[in-house]
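Read through the structure below, which is laid out as structure tokens, and then see the notes.
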Amino acid sequence: YDGRINIRGKGPFQPDLTLTEGPFVNELSADGAVISFETNKPCMPQITVDGKTYSNLKENGTHHEIQISGLEPGKQYAYTVKYGDNSETYSFKTAPKEGSRTAFTFAYASDSRKATGGGERDIYGVNAYVMKRMAVLAAKENAVFMQFTGDLINGYSSRIGQQRLEYVNWKHSVEPFWHYFPFVIAPGNHEAFLKVFDNGSRYGVSVDNFPFKKVSAEKVFSDEFVNPPNGPVSEDGAVYDPDKKKADFPPYDETAYYYIYDNIAVVALNSNYWYTPNPHQIPLTGGNLHAYIMDNQLQWLKNTLAKLQKDDRIDHIFVTIHTPAFPNAGHSGDDMWYHGNNNMRPWVAGKPVEKGIIERRDQFLNLLINENTKVLALLCGDEHNYTRMLINDSTPRYPKGYDKPKVALKRHLWQITNGSAGAPYYGQEKLPWSGFVKEYTTEHALMLFDVKGKKVTLRVINPDTFEKIEQVNLN
């Protein structure tokens, strides 16, 4: 979708060295960024910024990541990508100095897999029409970055070419804007890349593709996007690891991470790690179920939140995960609820892990609410609507007859689900906590967070009509 090629000669023409993807602005900081792009042939490109030339002398391939550093905070810079005899010029603005508390806006959405309607609403796995509108609106509102957490594509493929083509289509849909400000991506369940075994059923038996270091869903995702390499390593070494002497689990790579912009931190999690799509097959095949945060990632989250809690530069933390803690529209049978069935859990080497999904959800909420005072909101997707819900100790959150310890919540937290970036919409369900849903719509919606020091205001706008859905102060 929207591919391009440079040509040379006066006829007959020949394909020339071309940027087939990007350049994209990633890992934005107060002194620079990482610029990534793809070329159709191996080359040694350079980037010029403010009279200084940057390159990666270790690479002579088709995928390029070049670190730009030594710039001033909060300043606009032009950058020129030089490749062969060709060049392209764009610009980006460095982040403010961390903790400077300047006013800024960032955007959030998720779930842009293909929809009905044809045309650009179904560009081989992607609703490119809505994603273009999302990107246009984010740029119009001067968003400094856009966080997008999961279900970019249809996915669930077992063919690497198909998976990568869908990713390319998604990137091309927002590319004209990604030249100038970051789109920060985290995975969802539709980023699954599977090994499928035929057992005579409609879908067969599916597990996360392997060998893990080469073709797992985590590896393929990390090859396609550039995120901070500061997340958990893997689930190796956890109490359920069957062999402490070798790698038994996929690397998280760049599927879980955190970053800081001025006085906020965003912590992105992977709730579809080592994912087996059919939860009823997990006792047979092993694997993790949809929405379950495994032990090492949970410990990494605990450590990361504790570090950010102590950082005086940070006023607000946003935790983002594809799967809501409390589903409201279409996913009551999974996410962190499974119709209230705490028996649902991963299996490793033929054995179930200790904690069920509701116990693990409670541990997750305990970290966000009780052990940290800066987490302002949990940003989710998976459900194809916009839902803003209040979580506090009065929120009903357990099934009848639940016999495990219950966690008291010391303060409130906003759970905001926005899976409305183009996937087919879901209607609202009636669940124990439905009375705590403050806003719900099936419109396409872009969330815009206006951060002004200690104050955060959320504006929600339909990118197709520019209608304001709601505006609310979050603190």
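Residue numbering for the sequence shown follows our numbering, starting at 66 and increasing by one per position. We treat Cβ as the ideally placed atom computed from N, Cα and C, and that holds for glycine. Keep in mind that this is a model prediction, so the values were computed, not measured.
For residue i, collect the residues of the same chain with a Cβ closer than 6 Å to its Cβ; drop the 5 residues on either side in sequence, then sort them by chain order.
i: residue 518; result: 166
i: residue 303; result: 360 and 361
i: residue 94; result: 160
i: residue 111; result: 118, 120 and 147
i: residue 12; result: This structure cannot speak to residue 12, because the chain is shown only from 66 to 540.
Starting from residue i, trace the beta strand (DSSP E) in both directions and tell me its first and last residue.
i: residue 232; result: Note, residue 232: premise wrong, no beta strand (DSSP E); alpha helix (DSSP H) at 225 to 243.
i: residue 212; result: 208 to 214
i: residue 535; result: 533 to 538
i: residue 515; result: 511 to 517
i: residue 381; result: 381 to 385
i: residue 521; result: 520 to 526
i: residue 259; result: 259 to 262
i: residue 270; result: 270 to 273
i: residue 103; result: 97 to 104
i: residue 324; result: 322 to 326
i: residue 473; result: Unbroken run through residue 473: none, as it is neither H nor E.
i: residue 329; result: 329 to 333
i: residue 119; result: 117 to 119
For residue i, count neighbouring C-beta atoms within 10 Å of its own C-beta (all shown protein chains included) and say buried if the count is 16 or more, exposed if not.
i: residue 132; result: exposed
i: residue 419; result: exposed
i: residue 353; result: buried
i: residue 43; result: Here the chain has residues from 66 to 540 only, and residue 43 is not among them.
i: residue 485; result: buried
i: residue 264; result: exposed
i: residue 476; result: exposed
i: residue 452; result: buried
i: residue 369; result: buried
i: residue 78; result: exposed
i: residue 262; result: exposed
i: residue 404; result: exposed
i: residue 238; result: buried
i: residue 282; result: buried
i: residue 383; result: buried
i: residue 228; result: buried
i: residue 523; result: buried
For residue i, does the three-state DSSP call read helix, strand or coil?
i: residue 347; result: helix
i: residue 500; result: helix
i: residue 369; result: helix
i: residue 441; result: strand
i: residue 486; result: coil
i: residue 284; result: helix
i: residue 129; result: strand
i: residue 254; result: helix
i: residue 314; result: coil
i: residue 358; result: coil
i: residue 166; result: coil
i: residue 463; result: coil
i: residue 87; result: strand
i: residue 375; result: helix
i: residue 186; result: helix
i: residue 419; result: coil
i: residue 135; result: coil
i: residue 405; result: helix
i: residue 289; result: helix
i: residue 112; result: strand
i: residue 217; result: coil
Would you please verify whether the beta carbon of residue i is less than 7 Å from any beta carbon of chain C?
i: residue 278; result: Looking for chain C here will not work: only one protein chain is present.
Between which two residues does the alpha helix (DSSP H) harbouring residue i extend?
i: residue 453; result: Note, residue 453: premise wrong, no alpha helix (DSSP H); beta strand (DSSP E) at 451 to 456.
i: residue 45; result: There is no way to answer for residue 45, as the model of the chain reaches only from 66 to 540.
i: residue 202; result: 193 to 205
i: residue 141; result: It is not in any alpha helix (DSSP H) - residue 141 instead sits in the beta strand (DSSP E) that spans 141 to 148.
i: residue 493; result: Here residue 493 belongs to no alpha helix (DSSP H), and DSSP marks it neither H nor E.
i: residue 430; result: 422 to 430
Quick one: residues in its chain with C-beta nearer than 8 Å to the C-beta of residue i, no 5 flanking neighbours on either side, listed in chain order?
i: residue 341; result: 271, 272, 273, 347, 350, 351, 352, 353 and 354
i: residue 105; result: 70, 80, 82, 83, 85 and 127
i: residue 489; result: 180, 181 and 449
i: residue 494; result: 392, 393, 394, 395 and 397
i: residue 417; result: 348, 410 and 411
i: residue 589; result: Any answer about residue 589 is impossible in this case: the structure gives the chain only from 66 up to 540.
i: residue 284; result: 277, 278, 315, 316 and 318
i: residue 198; result: 509, 528 and 529
Since residue i contacts residue j with CB under 8 Å, what's their CB separation in whole angstroms?
i: residue 317; j: residue 335; result: 6 Å
i: residue 528; j: residue 191; result: Residue 528 to residue 191, Cβ: 15 Å. No contact.
i: residue 514; j: residue 171; result: 5 Å
i: residue 549; j: residue 156; result: The displayed coordinates of the chain run from 66 to 540. Any statement about residue 549 would go beyond what the structure contains.
Note down, in chain order, each residue of its chain lying with its Cβ closer than 7 Å to the Cβ of residue i, except the 5 sequence neighbours on either side.
i: residue 301; result: 312, 313 and 314
i: residue 565; result: Here the chain covers residues 66 to 540 and nothing more, so residue 565 does not appear.
i: residue 72; result: 78, 79, 80 and 81
i: residue 506; result: 450, 451 and 534
May I ask you to check if the CB of residue i is nearer than 6 Å to at least one heavy atom of the ligand GDP?
i: residue 106; result: The model on display carries no ligand, and the ligand GDP is accordingly not part of it.
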